[in-house]
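Accompanying notes for the structure given below.
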Amino acid sequence: MGNLHPSRSERPELNERELSYITLHTHFTRKQINDFYIRFLTYYPRGYVNFQQFCDLYCNELKNLHNSRPLLERLFHHIDTDKNGQLNFKEILFFKAITMPETDNDEKFRWIFFLYDTNLDHHIDEYEFLNLCHLAYFIHGKLLTKDRLNELKILFEKFDINNDKQLNCEEFIQLCQQCTDLLELIAPMFNNTKWNSKKNPCGTFTTTTNELTSDRIDYLTNRTKFTREKILYYYQIFRKHCHSGRLSKSEFINFYKKLLQSNSSETYCEFLFRAFDSLSNDGFIQFDEYLIAIYIHSNASTPREKLEWLFNAYDRDGNGFISYNEINQIVHALFILYGIDREKHSVGYISYEIMAILDLNDDDKVSKQEFINMLKDKELTNFLAPSLIKQN
Numbered sequence: 001m002g003n004l005h006p007s008r009s010e011r012p013e014l015n016e017r018e019l020s021y022i023t024l025h026t027h028f029t030r031k032q033i034n035d036f037y038i039r040f041l042t043y044y045p046r047g048y049v050n051f052q053q054f055c056d057l058y059c060n061e062l063k064n065l066h067n068s069r070p071l072l073e074r075l076f077h078h079i080d081t082d083k084n085g086q087l088n089f090k091e092i093l094f095f096k097a098i099t100m101p102e103t104d105n106d107e108k109f110r111w112i113f114f115l116y117d118t119n120l121d122h123h124i125d126e127y128e129f130l131n132l133c134h135l136a137y138f139i140h141g142k143l144l145t146k147d148r149l150n151e152l153k154i155l156f157e158k159f160d161i162n163n164d165k166q167l168n169c170e171e172f173i174q175l176c177q178q179c180t181d182l183l184e185l186i187a188p189m190f191n192n193t194k195w196n197s198k199k200n201p202c203g204t205f206t207t208t209t210n211e212l213t214s215d216r217i218d219y220l221t222n223r224t225k226f227t228r229e230k231i232l233y234y235y236q237i238f239r240k241h242c243h244s245g246r247l248s249k250s251e252f253i254n255f256y257k258k259l260l261q262s263n264s265s266e267t268y269c270e271f272l273f274r275a276f277d278s279l280s281n282d283g284f285i286q287f288d289e290y291l292i293a294i295y296i297h298s299n300a301s302t303p304r305e306k307l308e309w310l311f312n313a314y315d316r317d318g319n320g321f322i323s324y325n326e327i328n329q330i331v332h333a334l335f336i337l338y339g340i341d342r343e344k345h346s347v348g349y350i351s352y353e354i355m356a357i358l359d360l361n362d363d364d365k366v367s368k369q370e371f372i373n374m375l376k377d378k379e380l381t382n383f384l385a386p387s388l389i390k391q392n
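Read in order, the letters of the sequence shown correspond to residues 1 to 392 in full-length UniProt numbering.
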């Protein structure tokens with residue numbers, strides 16, 4: 001991406017809302033963004049990059065590949081979020097940002113997942129998985145043998161935790177974390193990333209066994225900051241009330257209604273169930289999920305961690321954004337929870353107001369970073385995050 005190095009040219013104007021959105025979603029400063037923008041317009045005065053220009057801009061960073069064009073075609077299509085056949089400044093800048101070493105690996109994993117989710121259904125089925133493997137081996141000039149193909153099919157089945165013949169985002173991330181050799185083949189655009197820096201022990205995320213192994217305790221200690229003694233204490237409580245080793249949805253709703261101290265919170269609790277059941281996505285709350293939720297609701301977790309967790313509850317379709325319809329459903333549930341008169345106060349109007357505050361770039365959806373930015377608005381945070389932020 002050599003053409004995008006900052007210069008000291010006179011800054012063009014970027015409006016305040018655009019600057020706020022970009023700084024919120026990247027590690028770049030306002031000055032860097034403005035300098036990148038000048039540089040971009042210097043090389044591309046029309047304000048966009050076509051496919052051939054994108055290839056010229058980026059192919060040098062993929063020069064070690066045997067054949068980079070198929071990957072460049074896929075990258076171009078994925079980066080082109082408005083699907084107009086060209087890349088504007090923000091699309092190019094966000095791609096540059098996601099490939100930076102300081103960008104969190106979890107963000108990169110999620111980005112890779114959607115790169116290879118070719119039918120946009122938020123899952124990667126076996127066909128898509130094997131197709132991305134074929135692509136990876138081809139661009140590296142490697143031979144994908146029948147034996148290796150069978151190994152990859154077994155690998156797919158291993159990480160298909162809920163046996164639905166497809167990988168959701170969490171399952172795909174686990175596969176990538178455990179199989180860094182394959183990850184490096186499918187993600188050469190992240191060649192400056194140290195993937196093994198946050199590698200997790202195999203099975204610690206979604207194990208359904210009732211046995212609290214040493215590996216599970218180590219994982220939960222790192223994930224929650226709880227001591228081993230405290231984890232064992234909570235485990236004893238959990239097993240005492242859940243002899244089967246897991247909570248059903250109805251059991252969870254009854255449990256959480258007591259936490260919220262409200263008899264009218266069932267609709268809202270259904271939103272939260274999705275966030276609790278975030279590791280295995282099997283319709284039950286396992287101990288690992290239960291403990292992480294306790295941590296999120298405790299004073300030990302940060303406000304940012306709480307809102308990241310809550311975002312997953314409110315993002316009902318799991319596409320990485322909260323839409324207006326999802327905001328509307330959330331507000332409807334919160335009106336019931338708070339006992340707000342829906343004849344005196346409009347759910348639609350309040351939803352519109354919230355969307356206008358959170359959606360910084362006016363794309364009719366709220367990203368995780370935009371949602372977390374809500375911390376700057378105490379009143380809105382208290383409304384949207386009952387039982388969480390108000391503790392701190």
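Every residue, glycine too, gets a C-beta built ideally from N, C-alpha and C.
query                                                                                               : result
Val366 to Ser68 span [Cα, whole Å]                                                                  : 33 Å
Distance between beta carbons of Leu152 and Leu135, contact taken as under 8 Å                      : Rounded, the Cβ-Cβ distance is 12 Å, inconsistent with contact.
Asn328 to Phe172 span [Cα, whole Å]                                                                 : 30 Å
Burial state of His66, where buried means 16 or more other Cβ atoms lie within 10 Å                 : exposed
Beta bridge counterpart(s) of Asn88 as assigned by DSSP                                             : Tyr48
C-alpha gap between Asp121 and Phe114, whole angstroms                                              : 9 Å
C-alpha distance - Leu87 paired with Val49, whole-angstrom precision                                : 5 Å
7 Å CB neighbourhood of Phe335 in its chain, flanking five on each side removed                     : Arg342, Val347
Proximity of Cys242 and Tyr256 at Cβ, strictly below 9 Å                                            : no
Through-space distance from Thr224 to Asp377, alpha-carbon basis                                    : 26 Å
At least three beta-carbon pairs within less than 8 Å, the region 345-359 to the region 299-315     : no
Close Cβ partners of Ser323 (< 6 Å) along its chain, the five nearest in sequence each way excluded : Lys365
Contacting residues, own chain, Cβ-Cβ under 6 Å from His27 (five flanking each side not counted)    : Glu102
Tyr116 beta carbon near the ligand GTP (any heavy atom closer than 8 Å)                             : Summarising the ligand content, the structure contains no ligands, and the ligand GTP is consequently not present.
Minimum C-alpha distance to Ser250 - residue among Glu266, Gln236, Lys240                           : Glu266
Euclidean distance between Cα positions of Phe284 and Tyr137                                        : 38 Å
Residues that Leu247 bridges to, as DSSP identifies them                                            : Ile285
When Gly318, Phe321, Tyr314 are compared against Ala333, the one with the closest alpha-carbon      : Tyr314
Leu62 beta carbon less than 9 Å from that of Leu71                                                  : yes
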